[in-house]
Structures are given as structure tokens and as C-alpha cells.
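In the numbering used here, the protein residues as written are 358 to 763. Every residue, glycine too, gets a C-beta built ideally from N, C-alpha and C. Just below is one structure, and these are the notes that go with it.
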Amino acid sequence: MEKKSLLFRLFALVVATMCALGIQAQEAYACYTPSNTTLTFYYDNQRDSRPGTTYDLSIYENQMGWYEIRQDVTNVVFTQSFADARPTSTERWFYQMSNLQSITGMEYLNTEEATNMNYMFYACTSLTSLDVTHLNTSNVTTMSFMFCYCNSLTNLDVSNFNTSNVTFMGGMFSFCSGLTSLDVSNFNTANVTNMSLMFCDCYSLTSLDVSNFNTANVTNMSLMFCDCYSLTSLDLSNFNTANVAYMKSMFGSCNSLTSLDLSSFNTANVTNMSFMFYGCSDLATIYVGNGWTTAAVTNSDDMFTDCNNLVGGQGTTYNANYIDKTYAHIDGGTTNPGYFTYKNASLLGDVTGEGDVDVSDVNAVINIILHKKTQADYPGNADVTGEGNIDVSDVNAIINIILHKN
């Protein structure tokens, strides 16, 4: 106790001495100078001597100190001193800076401790270039609407982003209508739960690689690719949609797509498919597999509106009288018309659809045999031997897969 008391008195003495000498502790702040409409970021003890108006980095939980003058700013500068600052959030830092033309010194923005980048560059509509290659995103958990409405950007390099801890990417690139390319192929999305509006209105993109996306935890994909009407193809073969509840307008107005392979989709938990394929006027074929169902769907309004070229696997053509989920199934011909074409993309032997082959699949096949189900009643991946029927040989084959994981 005596040692602690002595340390406290020494600390108080140092603080009192610094105050007496007029020495101020270093702090992070921004300074706006109206003469050149520039907002400059510093980390030092010279705040009181700066010409212009100074601001704290935040005054409320979700609002930066310079909010009131945000639309007057044309230039942002990060000084070398700011490299010693460690902001824990950059949420809305450049929010609605619609006249912002340049950001310099981004290499001095150290975000190694930042967890929140929501709305960071939202509606920076005058920015034509933006260097975010130095941003450290290793601890960031949410990037919602981060670049939304940056519609003057023609390219954006986010290829080095570490997104391993990100849970929310909703609207991240939405309305970036000027982007002609975007590399998200290295994104780690294992923890992401929301991808709604992620690429919505990126209508200048002609290609987009999302083939490595891990979507196992995603619950919302509404408007994810809506109005991406220059995309001619999408590889969604790796998409796990088992937890997704919302697919509203997911592909709305993607009118350059001629085919969509959704055979990996499990839609058992989806409740909203309204406008899902709305305006996909060139779309001719939609592939689905055993995981496709509309059993839980409660809203399917305008699901296929204006999909004039759509044809099911048995020849069923688009009918403007059936634009909801009524025909949202595998085409069964004249007796059971549907707009989809069957494709089995499931893991061979994974009869239960859990993503792996294990004892539960052995039990499932035995159950099929005991109840003498017809071929139409069981998943195609239950016929492991490829003989056209389900019997003991398929049980043995699944056991062999489990034993050898081959």
C-alpha cells in the first residue's frame, strides 16, 4: 500500500509539473482551415496554436466532430504525426463529404486497433481516386456501406483487405456505379452474417469473382447483386445458403445474365424471395439442386417479373401470369410446370445435405431402402455407385467414403 501511495504521489507531481510548465499531452484531432477548405489530421500537443477550427475525432457515438462542415471540405490531409494515433473507429469520418476531391497521407492513418469502418467514405461522390491499400483491417468487425455512393470511383484496390473478423458487409460497395473492376477474390467472409446490398447498383462491373466466398453464416443476401446489369456471369457454386432468410431482389435487374447456377443453394430457411429475379430479361436458364425449396417462403411477389426468356428444364416457358413462387421449382413438364432446370451439385454421399459424409448419411440411405422410395423421392447423391437405384451397394460405398474420406 505504501509503494502504491508513493507511485500515485509521484505521478500526481509529474502531472502538476507539466501543467505548471504549460506542457500538454499529445492528442489526436482534426483542424479545418476555411481558406483552403482542407481538413488536416494531427497527433501532437499543438492544438491550441493551430489556425482554423479544431475538432475531436468524435463527439457522439456515430458522429465525427466535423460533421457540420463536412460538405465544405475539398481536401483531407493526414500528417506524419498522425501515424502515432490509434483510432478504434473510423466510422463516418468522411461521411457525405460530397465535395471531397483528394485524401493525401493515408499511409499515416494507422487503423490497427480500429474495429468499425461503417460508412467511412459514404457518399464521397466527387472522389475519383482513393488509396486504401495501407489500411489495416485485421481487427475490423463491420464495414457496412463503407464505400457506398462513391460513384465517381472507377477502380478501388481492396485486394489486401484482411476481412477475417468482419461480420457485416451490407452495402459495402453499393451504388459504386463507376467501378469497372473490383477484386474481392481474397476476401475472407467466414464470419460475415450480412451481405445485403453488397454490390447493389455496381452497374459498370462486367465481371465479379465471388467464387471463394464462404457464406455459411450469412442470413441476409437481399439486393446483393441488384442492378448489376453489366455482369454476364456469376460463379455462385461455393455459396452455402443454409442460414439465409432473405433473398429479396438478390439478382433484380441483372439483365445481362443468361444463366444462373444456384444448384448449391439450400433455401430451406428463406422467407422472402420477392423480386428475386425481377427484370432479368436475358435470363434463359436457372439451375437448382436438391437443396432448393420454397416451403418457408411467405413473400414471393414479382419474383420472375419480366423474365421473358426463361425456360425450364422440360421446356416450360415464361408465363406472365405466374411470376411468384408458383413456378419456382424444377420443371416437371406439362403436369408440373416450373422455371428451373435440375442440376445435382451436392457432395456425393451427403444424403442429409450437411456438407459432409458421415454415419447420418448411412442411416438415411438405409431408411430409403427400407421404405422402398422411388428414384424421384431421394437425393441424386444417394446413388453413390451410379447404378440408377438405391441398394446395399450404396450403403457400402458411403461407408467406404467415410473410412477413406475419398
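Check your understanding: Relative to the alpha-carbon of GLY669, which residue among TYR644, THR692, ILE726 and ASP659 has its alpha-carbon at the smallest distance?
Key -> Selection TYR644, THR692, ILE726 and ASP659 evaluated against GLY669 yields TYR644 as nearest (Cα-Cα).
Practice item. Quick one: give me the first and last residue of the beta strand (DSSP E) that ASN432 is part of. Key: For ASN432, the enclosing beta strand (DSSP E) covers residues 432–435.
Check your understanding: Where does VAL719 sit, in a helix, a strand or coil, going by DSSP?
Key -> Three-state DSSP puts VAL719 in a helix.
Practice item. Buried or exposed for TYR417, please, with buried defined as at least 16 other CB atoms from any protein chain shown within 10 angstroms of its CB. Key: Here TYR417 is exposed: its Cβ has fewer than 16 other Cβ atoms, across all protein chains shown, within 10 Å.
Review point. Taking C-alpha atoms, which residue in HIS761, LEU760, ASN720 and ILE759 lies nearest to ILE747?
Key: Considering only alpha carbons, the answer is ASN720.
Point to revise | For ALA685 and SER657, believed in contact at Cβ under 8 angstroms, the rounded distance | key: About 7 angstroms; that satisfies the 8 angstroms criterion.
Practice item. With DSSP collapsed to three states, give me the class of VAL549. Key: Reduced to three states, the DSSP call for VAL549 is coil.
Practice item. Determine, using beta carbons only, whether TYR452 and LEU414 come nearer to each other than 8 angstroms. Key: No, they are not a contact pair.
**Study point:** Of the residues SER495, ASP488 and ASN496, the one placed nearest PHE504, counting alpha carbons only
**Key:** When only C-alpha atoms are compared, the closest one is ASP488.
Practice item. Would you give the residue range spanned by the beta strand (DSSP E) that VAL523 belongs to? Key: No beta strand (DSSP E) contains VAL523, which DSSP labels as neither H nor E.
Check your understanding: Ends of the alpha helix (DSSP H) at VAL645?
Key -> Counting along the chain, VAL645 falls outside any alpha helix (DSSP H), though it belongs to the beta strand (DSSP E) covering 642–645.
Review point. Three-state secondary structure (DSSP) at GLN428?
Key: If DSSP states are grouped into helix, strand and coil, GLN428 belongs with the helices.
Point to revise | Reduced DSSP category for HIS686 - H, G, I as helix; E, B as strand; rest coil | key: Coil.
Review point. Looking at C-alpha atoms only, which residue of PHE622, VAL654 and MET454 is the closest neighbour of GLY396?
Key: Correcting the residue identity first, residue 396 is Leu in this sequence and not Gly. The residue among PHE622, VAL654 and MET454 with its C-alpha nearest the C-alpha of LEU396 is MET454.
Practice item. Check each candidate in PHE532, TYR476 and ASN612 and name the one with the smallest Cα separation from GLU448. Key: Of the listed residues, the one whose Cα sits closest to GLU448 is TYR476.
Point to revise | Per DSSP, the bridge partner or partners of VAL668 | key: In the DSSP output, where bridge partners are listed per residue, VAL668 has THR674.
Check your understanding: Which whole-angstrom value is the C-beta distance of ASN548 and ASN517, which I expect to be below 8 angstroms?
Key -> Incorrect: roughly 18 angstroms between the Cβ atoms, too far for contact.
Exercise for review: Go ahead and pull the three-state DSSP assignment for ASP618.
Suggested key: Strand, per DSSP.
Point to revise | Per DSSP, the bridge partner or partners of TYR417 | key: GLN420, per the DSSP bridge assignment.
Check your understanding: Where does LEU466 land, buried or exposed, given buried means 16+ other C-beta within 10 angstroms?
Key -> Within a 10 Å sphere around the beta-carbon of LEU466 sit 16 or more other beta-carbons, which makes this residue buried.
Point to revise | Distance between beta carbons of ALA480 and SER446, contact taken as under 8 angstroms | key: Between SER446 and ALA480 the beta-carbon gap is near 19 angstroms, outside 8 angstroms, which marks them as no contact.
Practice item. Determine the direct distance from the alpha carbon of GLY636 to that of HIS761, and round the result to whole angstroms. Key: Rounded to whole angstroms, HIS761 to GLY636 spans 47 angstroms at the Cα level.
**Study point:** Cβ neighbour criterion (16 or more within 10 Å) applied to THR490
**Key:** By the neighbour-count definition (other C-beta atoms within 10 Å, threshold 16), THR490 is an exposed residue.
Review point. Can you give the beta carbon distance from THR468 to THR431, rounded, assuming they're within the 8 angstroms contact cut?
Key: With a Cβ gap of about 23 angstroms, THR468 and THR431 do not count as contacting.
Point to revise | Helix, strand or coil at LEU378 [DSSP, three-state] | key: Note on LEU378: pLDDT 42, under 50, position unreliable in the model; the coordinate value appears next. Under the three-state reduction of DSSP, LEU378 is assigned to coil, being neither helix nor strand.
Practice item. Please name the residue in MET552, GLY535, THR482 and ASN626 whose C-alpha comes closest to that of THR499. Key: Residue MET552 is the option with its Cα nearest to THR499.
Exercise for review: Take the Cβ of ALA733 as the centre, count every other Cβ of all protein chains shown within 10 Å, and call the residue buried at 16 or more, exposed below.
Suggested key: In this predicted model, ALA733 has a pLDDT of only 44, less than 50, meaning its place in the structure is not dependable; the value taken from the coordinates is given anyway. If you draw a 10 Å sphere on the C-beta of ALA733, you find fewer than 16 other C-beta atoms in it, and that means exposed.
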